[in-house]
Each structure stands twice: as structure tokens, then as C-alpha cells.
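The numbering of the sequence shown is this note's numbering, which starts it at 1 and goes up by one.
Each residue gets a CB set at the ideal place from its N, CA and C atoms; glycine is no exception.
Predicted model only: the values in this text are computed from it and were never measured.
Notes for the one structure printed next.
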Amino acid sequence: MFINWKLRELNLKIVYYGPALSGKTTNLQIIHAKTNPKLRGELVSLKTREDRTIFFDFLQLELGSIKGLKPKFNLYTVPGQVLYAASRKLVLQGADGVVFVADSQMSRLADNIHSFKAMHQHMKELQLDPREVPCVVQFNKRDLPDVAPVALLQRYFAPNGRPSFESVATDGVGVFDTLKAAINQVVAQVQQKL
Ligand SMILES: Nc1nc2c(ncn2[C@@H]2O[C@H](COP(=O)(O)OP(=O)(O)OP(=O)(O)O)[C@@H](O)[C@H]2O)c(=O)[nH]1
Ligand SMILES: [Mg+2]
């Protein structure tokens, strides 16, 4: 959280984290495409020629007001490829909330688990308390065959009633439900701190 008192702006950071190719960038592309241009900035993507995220994607949304301040939600994605662990950690720094995007395919379960653990490890190293930072989980690619049952995914990634959403990000399904839940959680926590 960063407050610019002169401009009365409240900057909040939400990071989309998850394994390679789970659909993090696709979430931001859909949010960018479907949000009123007056409320959002441009989508900045630092990517390889094969459209893989190399450092991060970034999209800023300006919504509502909190205690007389204008909140700006800065949405970032991390690069999922194994190679870019250092970038993942850097992008996670200072996060006010995270969205964990899991790939629902059974064959990707181990990668999701590995990425989820790594996220918690990075948070600890960055002095972010995983019990404090709001986290919403998205089970993406529900349109594909051989997806893991939601109950199984919930047991791994959303125990104790953590908000979780099924999605088909390429079709926009579940993208805004996930985003709204993340924003709501972040706002609720910020309101307590202000
Ligand atoms: N079938 C299906 N494909 C999807 C879905 N969401 C994303 N994809 C596809 O999965 C591929 C990877 O999506 P990205 O959004 O680039 O994934 P990413 O998590 O940003 O990947 P990295 O940047 O490498 O970490 C693309 O070809 C997407 O079109 C989905 O819900 N269903
Ligand atoms: Mg990406």
C-alpha cells in the first residue's frame, strides 16, 4: 500500500501468481478488454516472442473511493516459467493481495502444488505474512478434459473457506468474480489499517 497524500491516491497491489501457462496473463487481458477505458490504463506486457510472460504484466484500475482517497488497483502477473523465479519474487514484493491461478488439469496438479508452496516461501522471504495477505484462488481451464474435481483442488489450495472460483479465462468466465473477491478482501483489510 502506498498513499500519495498530495493527490489523495491510494495505490494497492494485487498479484496474479501461479504455475506456467495457468492463465494469469489471460485474466489481465480479459479485464483490460472488458473494463471501461475510463477506469483502466493500458495493459503493459513484457513477454517473449511466444507470448510467455518474461517479467510481468501490469494493468491499473481506478475504482470508487476509500475514506476520501482514490484507490488505484495495480494488477500484476508473475512469469510462471521455472526459469524466472527471481522475477516472481520481485513482482510479489509489497503485494496487498494475491490471486493464485491454478491450472485445473489433473496432469498439472503437482505443478500447482509446487507453485503454491513457492509463493508462500517467497512471501515469507519478503516479510509478507501468508496468514495476513488476502488470497483468492482461481481454478482455471475448467473447459478442458481431465480436470481435477473442485473439491480436491479446494482441499489443496482453498482450505478453511478461502474464496475460490472456477473459470475459463479465455472465455471470460469467472475472471471478474475472482477479481471482485480479491478487491473486496484487499479493501476490507485496508479499511482496517487506515
Ligand atoms: N482451454 C483453455 N485455455 C486457456 C484458459 N486460460 C488460458 N488458456 C490458454 O493457456 C495458454 C497460457 O495462457 P497465459 O494466460 O499466457 O498463461 P500464463 O499463466 O500467463 O503463462 P506464463 O506467463 O508463462 O506464466 C494460452 O494459450 C491461453 O489461451 C482456459 O480457461 N481454457
Ligand atoms: Mg503470463
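So, for residue i: in the same chain, excluding its five sequence neighbours on each side, which residues have a beta-carbon less than 6 Å away from its beta-carbon?
i	result
V78	Y17, R88, V91
A20	G80, Q81
V173	S167
Please return the same chain residues whose Cβ sits closer than 7 Å to the Cβ of residue i, not counting the five positions on each side in sequence.
i	result
L39	L61, E62, L63
A148	S104, M106, L109
L59	L28, I31, H32, R40, G41, L43, L75
My output table needs one value for residue i: the three-state DSSP class, helix, strand or coil.
i	result
P71	strand
T48	coil
Q29	helix
N140	strand
L194	coil
N184	helix
G161	helix
K6	coil
N36	coil
D195	Only positions 1 to 194 of the chain appear in this structure, which leaves residue 195 out of reach.
V175	helix
E166	strand
So, is residue i buried or exposed, given that buried needs 16 or more other C-beta atoms within 10 angstroms?
i	result
P37	exposed
T48	exposed
G97	buried
P159	exposed
G23	buried
Q138	buried
N112	buried
Just the Cα atoms here: how many angstroms apart are residue i and residue j?
i	j	result
G94	F165	24 Å
K141	T26	11 Å
K117	L69	35 Å
Q29	L43	7 Å
E50	L144	22 Å
M123	D129	7 Å
D57	K6	28 Å
Y76	L46	11 Å
V136	R8	28 Å
M1	F157	25 Å
A169	D177	11 Å
E132	V190	12 Å
Just to check my reading of the structure: residue i and residue j have Cβ atoms closer than 8 Å, yes? What is that Cβ distance to the nearest angstrom?
i	j	result
V186	P134	6 Å
Within its chain, find whatever has a CB closer than 8 Å to the CB of residue i; leave out the 5 residues flanking it on each side and keep chain order.
i	result
D171	D143
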